[in-house]
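K.L.:
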Amino acid sequence: MNVIELLADLQARQDEATARVGELRDQIEHLTAALAETEARLAELTTPQRVISELAPTGAEPDTPEQATTYQAIVNAFNQHPDQAFRVRELHELLGMPTDDPALNITRSRLGRLKASSPNPDEAATRNGLNALSVGV
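Numbering (the numbering used here), first residue to last: 1 to 137.
1) Going by other Cβ atoms of all chains shown within 10 Å of its Cβ, with 16 needed for buried, is Ile143 buried or exposed?
2) Taking all protein chains shown into account, do 16 or more other C-beta atoms lie within 10 angstroms of the C-beta of Thr107, making it buried, or fewer, making it exposed?
3) Taking one C-beta from the stretch 95–109 and one from the stretch 70–85 each time, how about it: are there three or more such pairs within less than 8 Å?
4) Does DSSP put Gln84 in a helix, a strand or coil?
5) With 16 other CB atoms within 10 Å as the buried threshold, where does Leu91 fall?
6) In this structure, does DSSP put Ser109 in helix, strand or coil?
7) Would you mind sorting Leu111 into buried or exposed? The rule is 16 or more other CB atoms within 10 Å of its CB.
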């Protein structure tokens, strides 16, 4: 390879790298704009949530983080055992939750809310074993 070919090869590589730098800068610019838009949208959504939380009647307080994780644990149990229908007591034992009657009743209530919040309650309840859960002890 002579010097002219070497210089031409180096120039081609430099041109490719320069083009790639331009592409990456365009992507960064696009992502920066998308991030700013999404952050603005998040701020817009946070304000109504805060106002509604402040105005919510005391009897309808929003879920605490502990309650949210309990709901998630219940859903995860169904997802991990999709073909199994649990009784409430079995679910509590699986999740290491107390098996006294008040705790079981709270879970029955949660299961009812999960079933009601499902897009297709009958199909989802059957698929996830919620029908067996809500009636069994």
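Heads up, the beta-carbon is just placed ideally off N, CA and C, and yes, glycines get one too.
These numbers come from a predicted model, not from an experiment.
P.N.:
Judging by the given coordinates:
1) Residue 143 is absent from the model: the chain starts at 1 and stops at 137.
2) Mapped onto the sequence shown, residue 107 falls at position 107. It counts as buried.
3) yes
4) Looking up residue 84 in the sequence shown gives position 84. Coil, per DSSP.
5) What you label residue 91 is simply residue 91 of the sequence shown in a count that begins at 1. When all chains shown are included, Leu91 counts as buried.
6) One-based indexing of the sequence shown puts residue 109 at position 109. DSSP places Ser109 in helix when its eight states are reduced to three.
7) Within the sequence shown, the letter at position 111 stands for residue 111. That one is buried.
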